[in-house]
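Peer 1: One point on numbering: in my numbering, the residue at position 336 of the sequence shown is 323, and numbering is uninterrupted.
Quick one: the structure is below, and I'll ask about it shortly.
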Amino acid sequence: MAEQGLGTKCVQAGYRPGNGEPRQVPIIQSTTFKYATSEDMGKLFDLEANGYFYTRLQNPTNDHVAAKLAALEGGTAGMLTSSGQAANFFAVFNLASCGDHVVSASSIYGGTYNLFAVTMKRMGIDFTFVSPDCTEEELNAAFRPNTKAVFGETIANPALTVLDIERFARAAHAHGVPLIVDNTFATPVNCRPIEWGCDIVTHSTTKYVDGHGVSVGGAIVDSGKFDWTEHAEKFPGLCTPDESYHGVTYTERFGLEGAFITKATAQLMRDFGAIQSPQNAFYLNLGLESLHVRMPRHCANGQALAEFLQSHPNVSWVTYPGLPGDRYYELAQKYLPKGSCGVVSFGVKGGRAAAERFMAKLKVFAIETHVADARSCCLHPASATHRQMSDAELAAAGVGADLVRMSCGLEDSADLIADVAQALE
Ligand SMILES: *Cc1c(COP(=O)(O)O)cnc(C)c1O
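Below, the structure is given as structure tokens:
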């Protein structure tokens, strides 16, 4: 049978019920699983048999939904985590330990920046941040002998920069390390980073994948393409025996297609326990069932709003990758031909005070610290997430006092534009 389309995978991949079994992915709300003999269970602990023993490591509901995301991204294995933060932490920490180094694009989600630059730094892992627009020389100069991975976001939140995935993958591979791409804003409906050379995809499923503002969650998908054994000296955790798992060598036992995710599950999930609840995985699956129908609407609403704002006299600038003339328009045409996302950033003429007045007048857009929801929402970072910063500090962070971030939901675009129009008066 030919490979199924993305829409069919959104609806059906990852779970195939047998005769008389539930049509919908069942919620296995159980912490533990029963076995007839201790020997049966011992085989699971030794990773010699497949199965479930404790939901902190694996749960059937989660595995069905992770398998769907892996199918959508074109990967060989996937896992769910309790949040996007946990997904990015696991993806990097599965490769880098104390004394190691990672190259990351500088325009990434603030929470990820903090995780890397502050918290993982305290664990002894160093990060070099490079502009997504850096030259080839600058990119290559960022690598060190102890570099273990490269990280970036397909569409950065909230900067809306578009990563040149092929270029970053080429540089990563030339230095013998994988490229990890956070695909939260694009979703596999609009971009499949693995097709462009990315090795590991991460998600904050809290955003479009859930899409209804229901549950915080994350996911990791491995392409199965990166050959750890070719660079075994860089990745001893994958290529030498794990004494905490009876001497299993992940690449030998699980092959390139399973080594990365099995190690992340067996070590990191076991020890950190950032598991997604089966109930949340069920909600996530409901979101996935309509992702391919929802994304085009988010994009159409984002595009319409961006075009409206661009020609409005009270707007000083607009950032949206789908807008001709946008700094990332060409890269978006290449990597995101079906559309980018529903998030649009713009500047209100008159700065901080005008932006605050604008926000207060909105009726359809709600003020929230959230994006990528069915309901349109917006944020003025200078008076919310970044309120401790002075105007000078804001400018240095690339978040001007006039910046408003609008996340277009699934409502009628005419109503969204009318709301923004009256608030800009
Ligand atoms: C929100 C977000 C995260 C963090 O995800 P949580 O689910 O909130 O932990 C990571 N990356 C990107 C691009 C995000 O937008």
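By construction, the Cβ of each residue, glycine as well, lies at the ideal position given by its N, Cα and C atoms.
Which full runs of the alpha helix (DSSP H) of 4+ residues lie inside the segment 154 to 201, going along the chain?
Peer 2: The segment 154 to 201 contains these whole alpha helix (DSSP H) runs: 174 to 177.
Peer 1: Between which two residues does the alpha helix (DSSP H) holding Arg339 run?
Peer 2: Here the alpha helix (DSSP H) through Arg339 covers Gly338 to Lys348.
Peer 1: Determine the direct distance from the alpha carbon of Lys55 to that of Ile181, and round the result to whole angstroms.
Peer 2: Computed Cα separation, rounded: 15 Å.
Peer 1: Using only the alpha-carbon positions, how far apart do Ala36 and Lys30 sit?
Peer 2: So the two alpha carbons sit approximately 5 Å from each other.
Peer 1: Can you tell me which of the three DSSP states Lys321 falls into?
Peer 2: The answer is helix: DSSP assigns Lys321 an H, G or I state.
Peer 1: Could you tell me if the beta carbon of Asn267 falls within a distance shorter than 6 Å of some heavy atom in ligand 1?
Peer 2: Asn267 Cβ: outside cutoff for every heavy atom of ligand 1.
Peer 1: So, helix, strand or coil for Phe20, using DSSP?
Peer 2: Phe20: coil per DSSP, three-state reduction.
Peer 1: Would you kindly check if the distance between the Cβ of Gly205 and the Cβ of Ser70 is under 7 Å?
Peer 2: For Ser70 and Gly205, yes; Cβs fall inside 7 Å.
Peer 1: Determine the burial state of Glu380: buried for a count of at least 16 other Cβ atoms within 10 Å of its Cβ, exposed for fewer.
Peer 2: Exposed, by the Cβ-count rule.
Peer 1: For the putative contact between Ile248 and Asp209, defined by C-beta atoms under 8 Å, what is the C-beta separation to the nearest angstrom?
Peer 2: At roughly 5 Å, the Cβ-Cβ gap stays under 8 Å, so Ile248 and Asp209 are in contact.
Peer 1: State yes or no: is the C-beta of Ser70 nearer than 6 Å to some heavy atom of ligand 2?
Peer 2: In terms of ligand content, the structure shown lacks ligand 2 and carries ligand 1 instead.
Peer 1: Could you give the first and the last residue of the continuous beta strand (DSSP E) run that contains Ile207?
Peer 2: Element bounds for Ile207: Gly205 to Asp209.
Peer 1: Going by C-alpha to C-alpha distance, which of His373, Val330 and Phe345 sits closest to Ala410?
Peer 2: Cα-wise, what sits closest to Ala410 is Phe345.
Peer 1: Rounded to the nearest angstrom, what separates Pro283 and Val196 at their Cα positions?
Peer 2: Rounded to the nearest angstrom, the two C-alpha atoms are 13 Å apart.
Peer 1: Rounded to the nearest angstrom, how far is the Cβ of Thr19 from that of Phe40, given a contact under 8 Å?
Peer 2: Contact holds; Cβ gap of about 7 Å.
Peer 1: Taking the alpha helix (DSSP H) that Phe138 belongs to, which residues open and close that run?
Peer 2: First-last for Phe138: Thr134 to Glu140, but that is the beta strand (DSSP E), not the alpha helix (DSSP H).
Peer 1: State the CB to CB distance for the pair Arg240 and Leu44, rounded to an integer number of angstroms; the pair is presumed to be in contact (CB under 8 Å).
Peer 2: Going by Cβ atoms, the distance from Arg240 to Leu44 rounds to 16 Å, so no, they are not a contact pair.
Peer 1: Could you check if Thr122 is buried or exposed, using at least 16 other CB atoms within 10 Å of its CB as the buried criterion?
Peer 2: Burial call: exposed.
Peer 1: Grab the span of the beta strand (DSSP E) containing Val407 for me, first residue to last.
Peer 2: Where Val407 is concerned, there is no enclosing beta strand (DSSP E), although the alpha helix (DSSP H) it sits in stretches over Ser400 to Leu411.
Peer 1: Excluding sequence positions up to five away, which residues of its chain have a Cβ less than 8 Å from the Cβ of Ile404?
Peer 2: Only Ala291, Leu292 and Phe295 meet the Cβ criterion.
Peer 1: May I ask you to check if the CB of Thr171 is nearer than 6 Å to at least one heavy atom of ligand 1?
Peer 2: Because some heavy atom of ligand 1 lies under 6 Å away, the Cβ of Thr171 counts as near it: yes.
Peer 1: DSSP beta-bridge partners for Ala417?
Peer 2: Residue 417 falls outside the range modelled here, since the chain spans only -12 to 412, and no answer is possible.
Peer 1: Going by alpha carbons, who is nearest to Ala64 out of Thr216, Lys212, Asn267 and Leu273?
Peer 2: Of the candidates Thr216, Lys212, Asn267 and Leu273, the one whose C-alpha sits nearest the C-alpha of Ala64 is Lys212.
Peer 1: Using CA coordinates, which residue listed in Met110, Val105, Asn133 and Phe155 is at the minimum distance from Glu125?
Peer 2: If we check each option's Cα against that of Glu125, Phe155 comes out closest.
Peer 1: Looking at Asn144 and ligand 1, is the gap between the Cβ and the nearest heavy atom below 6 Å?
Peer 2: Under cutoff, so the answer is yes.
Peer 1: Residue ranges of each alpha helix (DSSP H) run of no fewer than 4 residues wholly in the segment 46 to 110, ordered along the chain?
Peer 2: Qualifying alpha helix (DSSP H) stretches, in chain order: 47 to 60, 71 to 80 and 97 to 101.
Peer 1: Heavy atom of ligand 1 less than 6 Å from the Cβ of Thr174, yes or no?
Peer 2: Answer for Thr174: no, Cβ out of range of ligand 1.
Peer 1: Using a 10 Å radius around the Cβ and a threshold of 16 neighbouring Cβ atoms, would you call Arg3 buried or exposed?
Peer 2: Flag for Arg3 reads exposed.
Peer 1: Measuring only from the beta carbon, is Ser332 closer than 6 Å to any heavy atom that is part of ligand 1?
Peer 2: Checking every heavy atom of ligand 1 against the Cβ of Ser332, none is found closer than 6 Å.
Peer 1: Say yes only if the C-beta of Gly98 is nearer than 6 Å to one or more non-hydrogen atoms of ligand 1, and no if none qualify.
Peer 2: Checking every heavy atom of ligand 1 against the Cβ of Gly98, one is found closer than 6 Å.
Peer 1: According to the Cβ coordinates, are His162 and Phe138 closer than 7 Å?
Peer 2: It is not a contact, given that the beta carbons lie outside the stated cut-off.
Peer 1: Counting along the chain, where does the beta strand (DSSP E) carrying Gly334 start and finish?
Peer 2: That run of the beta strand (DSSP E) goes Val330 to Val335.
Peer 1: So, helix, strand or coil for Val149, using DSSP?
Peer 2: The answer is strand: DSSP assigns Val149 an E or B state.
Peer 1: Under the assumption that Val302 contacts Gly338 (Cβ atoms under 8 Å), give the Cβ distance between them as a whole number of angstroms.
Peer 2: That belief does not hold up - the Cβ atoms of Val302 and Gly338 are roughly 13 Å apart, past 8 Å.
Peer 1: In chain order, what residues of the same chain have a beta carbon less than 7 Å from the beta carbon of Cys365, not counting five sequence neighbours either side?
Peer 2: Here the set comprises Met346, Leu349, Phe352, Ile354, Val391, Arg392, Met393 and Ser394.
Peer 1: Determine the contact status of Val331 and Gly396, defining contact as a CB-CB distance below 7 Å.
Peer 2: Their beta carbons are not under 7 Å apart, which means Val331 does not touch Gly396 by this criterion.
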